[in-house]
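I have placed the structure first, in the form of structure tokens, so that the comments after it can refer back to it.
Protein chains: 2
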Amino acid sequence: MMVLEMGALRHGGREREEGARMQSEEDDGQSQQGVLYVKVMTDDQMEILRRQISAYATICEQLVEMHKELTAQHDSLSGMRLGSVYCDPLIASGGHKVSGRQRWMPTTMQLQILESIFQQGDGTPDKKKIKEITSALSKHGQVSETNVYNWFQNRRARSKRKQLLPLTNNAESEVEETDFPEDKKANVEKPFFPF
Amino acid sequence: MMVLEMGALRHGGREREEGARMQSEEDDGQSQQGVLYVKVMTDDQMEILRRQISAYATICEQLVEMHKELTAQHDSLSGMRLGSVYCDPLIASGGHKVSGRQRWMPTTMQLQILESIFQQGDGTPDKKKIKEITSALSKHGQVSETNVYNWFQNRRARSKRKQLLPLTNNAESEVEETDFPEDKKANVEKPFFPF
DNA sequence: GCCTTATGAATGAACG
DNA sequence: CGTTCATTCATAAGGC
Chain H
1 MMVLEMGALR HGGREREEGA RMQSEEDDGQ SQQGVLYVKV MTDDQMEILR RQISAYATIC
61 EQLVEMHKEL TAQHDSLSGM RLGSVYCDPL IASGGHKVSG RQRWMPTTMQ LQILESIFQQ
121 GDGTPDKKKI KEITSALSKH GQVSETNVYN WFQNRRARSK RKQLLPLTNN AESEVEETDF
181 PEDKKANVEK PFFPF
Chain D
1001 MMVLEMGALR HGGREREEGA RMQSEEDDGQ SQQGVLYVKV MTDDQMEILR RQISAYATIC
1061 EQLVEMHKEL TAQHDSLSGM RLGSVYCDPL IASGGHKVSG RQRWMPTTMQ LQILESIFQQ
1121 GDGTPDKKKI KEITSALSKH GQVSETNVYN WFQNRRARSK RKQLLPLTNN AESEVEETDF
1181 PEDKKANVEK PFFPF
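From first to last, the protein sequence lines are chains H and D.
Residues 1 to 195 in this note's numbering are what the first sequence spells out, letter by letter.
Residues 1001 to 1195 in this note's numbering are what the second sequence spells out, letter by letter.
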């Protein structure tokens, strides 16, 4: 069960009505003064309400997650250092540290193993092979199958790119901009969600 | 202070990446006494629903507002997304590497909409649906039906893959929890809006 | 301190 | 549909 504390959300605003997309919000509180009759809803109406609420719940969660991501990178300076062996639990006590966006840093030993496997021809190991490699690497530090998979992906891509790179000296006048100044404001059109 | 009871609405949801169809067929049928053919709600229940919806609407508004600020530079920095209008193929004339095809980069808003649709059950939209979605997304940036189609393809494939390989990492010196944003209600329990 | 580079990870698009 | 490729993003490391 989920409980939403509204106290923190109180705000003065609320004069717009995009939020009131669904009828149910025209009287705002004290709606039925003294009326004692019960409301009767059809299944369809019930379903509509349910979906509407679900949609909002989903959206809220997504927005919160996205907000976390956006703010995570901003204060990412407070964290433990990398995925190495250290990471002393400095936060063990009360640290409400958020954002644990650490990325895998292969140890020297792991890198050597990976490199040697890569150069032994098997450029694209299958799932089984990945598991084996991961298992082997685990002896030298924390690693996941995804890490191994990504490593090979990147290794392939970058070794290929290296080949094609060495003859690109002429700088194209890259037509990057074309920016239009007032777009920033235009972007604030209050679009809300068009389901 | 106002407390919202949400247990009845989304107790099951939030598996993300997977079905999680929050349709209500399972509990929709006359759960009360079995004798009623319509839903009967008391004023209190009605009021709760009303407040829930209102609260979500308000929250969403606020979050959207915040996001505009946070993503303002992000979106504008990338300039126009996608090759967009010009995409001048830069004739041969020596430059072969050419900036060529840029890939579609959905805007924050577009992503929000796509995610919402995906999680509302439409895992595999048909042609008609694709057109609608594309049309809706066009309001927030350039996008083609192919883009939308690909997005859903990838979304499905990757959400399925993710549940098949839960990374096999060992604890070691893992820094507390909080890993990436993916707890069910953890983000609602308390720190719902830490801003 | 920034800036540059290296590289792990995310993801749009394409392939079979 | 599942897998792979190609491009991009984000961040750790190192130089200035």
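C-beta: ideal position from N, C-alpha, C; glycine also.
Simplified DSSP assignment, three categories, for residue i
i       : result
H:V40   : strand
D:R1103 : coil
D:S1144 : coil
H:T124  : coil
H:S54   : helix
Residue range of the alpha helix (DSSP H) that includes residue i
i       : result
D:M1109 : T1108 to Q1119
D:T1134 : K1127 to S1138
Closest residue to residue i among the options (Cα-Cα distance)
i       : options                               : result
H:T124  : H:V143, H:V148, H:M109 and H:L111     : H:V148
H:K61   : D:G1141, D:Q1112 and D:T1107          : The sequence given here has Glu at residue 61 of chain H, not Lys. Ranking D:G1141, D:Q1112 and D:T1107 by Cα distance to H:E61 puts D:Q1112 first.
D:Q1119 : H:V40, H:D43, H:I59 and H:T42         : H:I59
D:S1135 : D:Q1153, D:N1154, D:R1051 and D:L1114 : D:L1114
D:F1198 : D:S1116, D:L1063, D:M1109 and D:Q1102 : Coverage of chain D is limited to positions 1001 through 1195, which leaves residue 1198 of chain D absent and any answer about it impossible.
H:T108  : H:Q142, H:D122 and H:D43              : H:Q142
D:R1161 : H:Q110, H:K127, H:M41 and H:A55       : H:K127
D:M1105 : D:S1054, D:D1043, D:A1157 and D:T1146 : D:T1146
H:S144  : H:S159, H:A157, H:E47 and H:I130      : H:I130
H:R156  : H:E132, H:D122 and H:S138             : H:D122
D:P1110 : D:L1049, D:H1140, D:R1103 and D:N1154 : Looking at the sequence shown, residue 1110 of chain D is not Pro but Gln. Per the Cα distances, D:H1140.
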